[in-house]
């Protein structure tokens, strides 16, 4: 790899780390923030960031295709820095939620980085560098987990936002100087309907808000049903408009081809199941032994117990890229899904043995990283060259929405078989955890069957499929926004 190529990879890695570094530190600080404000509304720190991530990812990807991916990447990073700065100086909870929500725009960094990898490097090198980018995301989560606790304990929760803003400034400078503002961008002056094309954003926001209120309001609450109905109506109108629009903002024809639709479905199944591992395993490891479930570790010990999982995932993600390059996304999706299901089966079979639980966590963690590498590679390599950012961004939207749904599914499973907690209230029972682990393994088995339907892509067939996808889109090489 040339010196210039190495600089591009380093800069994109720095940007990639930013996207998960900030979020993980916020999650680490949430108990302290809750005590500071004395309100359970701090959950909106996560909800607000998730809503922003869902809205921004697809828009940023498409805007990157139209006006230059490195330009849009810098804008997204600047938004993340602005959000961190606002949160660092927040004097009340609404201001803190607003800052953290703006910070959630950083979730669009990864799809833009993946699109830039496809743009700047030869196709045979793309899977490896996608693995490197995903390793960077995991590294950011690892750094946030370690740094967040130290900063909160020694300097207060405000310090995590100050450090995030400072790091964002450094990463912006690196991207500006090493990646630059050049690269592919739209040249045709066709127009895209911006406002109607962005109607998916309020539809998703309403649905996610309804999901977060499901347990508080109940499934028969008229407010909940109204939100879901409004979401479906707006979403249906948006789908109809995008399919009829000559130059749509988000071209849903990308989902028609099995070469593109199946990887998106695999990402959704990952987010519904195995990507929930941090939440479910932290709960399980920290649950008091007197409840008859869990392993009774402190929060600190639970984090350190899961540290090897994160470290191994960081190391093996580039290996996953190599394996995808050698065997193709289809084979890797099938075999990695099977391995991840085995990992969850080990946890379900030996829930009282910490070494067995950690071994299962390592297996499912490594396999899960390879799954995401394979699905991302299939999307990035299968997309036409003028729609890469949109394709990667749509994957991020699918992931964010499915993560929200999956967390609520698991929450409902865990609440179905409660046991009395030592301090009062209810906690999940052993049966509830076992059912959760089996549910996650089941999503992986379904994914294996779906991945089997993914067409093989070799040699001339790959070129033919890409040309067919481009013809299906019937989209000129670029456009300008119609406001």
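Numbering (the numbering used here), first residue to last: 1 to 483.
By construction, the Cβ of each residue, glycine as well, lies at the ideal position given by its N, Cα and C atoms.
query, result
"Where residue 199 sits in the DSSP three-state scheme", "coil"
"6 Å Cβ shell around residue 472 - same chain, five flanking residues per side excluded", "Confidence is the limiting factor: at residue 472 the pLDDT is only 40, short of 50, which leaves the residue's position unreliable and the question unanswerable from this model."
"Contact the region 18–27 vs the region 77–88: 3+ CB pairs below 8 Å", "yes"
"Residues near residue 429 by beta carbon distance below 8 Å, same chain, minus five either side", "291, 292, 293, 417, 418 and 419"
"Assigned exposure category for residue 10 - 16 Cβ within 10 Å defines buried", "exposed"
"Test item: CB-CB of residue 229 and residue 401 under 9 Å", "no"
"Under the three-state DSSP convention, the category residue 246 falls into", "coil"
"Bridge partner(s) assigned by DSSP for residue 428", "418"
"Proximal residues to residue 49 (C-beta, below 8 Å), its chain only, five neighbours per side dropped", "23, 26, 100, 101, 103, 104 and 107"
"Boundaries of the alpha helix (DSSP H) in which residue 284 is found, first to last residue", "277–286"
"The alpha helix (DSSP H) enclosing residue 101, as first and last residue numbers", "93–103"
"The region 317–330 touching the region 368–380, judged by at least three CB pairs closer than 8 Å", "yes"
"Neighbourhood of residue 279 by C-beta distance below 8 Å, restricted to the same chain and skipping five residues each side", "407 and 410"
"Exposed unless 16 or more other CB atoms sit within 10 angstroms - verdict on residue 244", "exposed"
"Three-way DSSP call (helix, strand, coil) for residue 439 in this model", "helix"
"Environment of residue 246 [buried if 16+ CB atoms lie within 10 Å]", "exposed"
"Between the CA atoms of residue 352 and residue 59 - distance to the nearest angstrom", "45 Å"
"Residue 366 versus 309, 348 and 113, residue with shortest Cα-Cα distance", "309"
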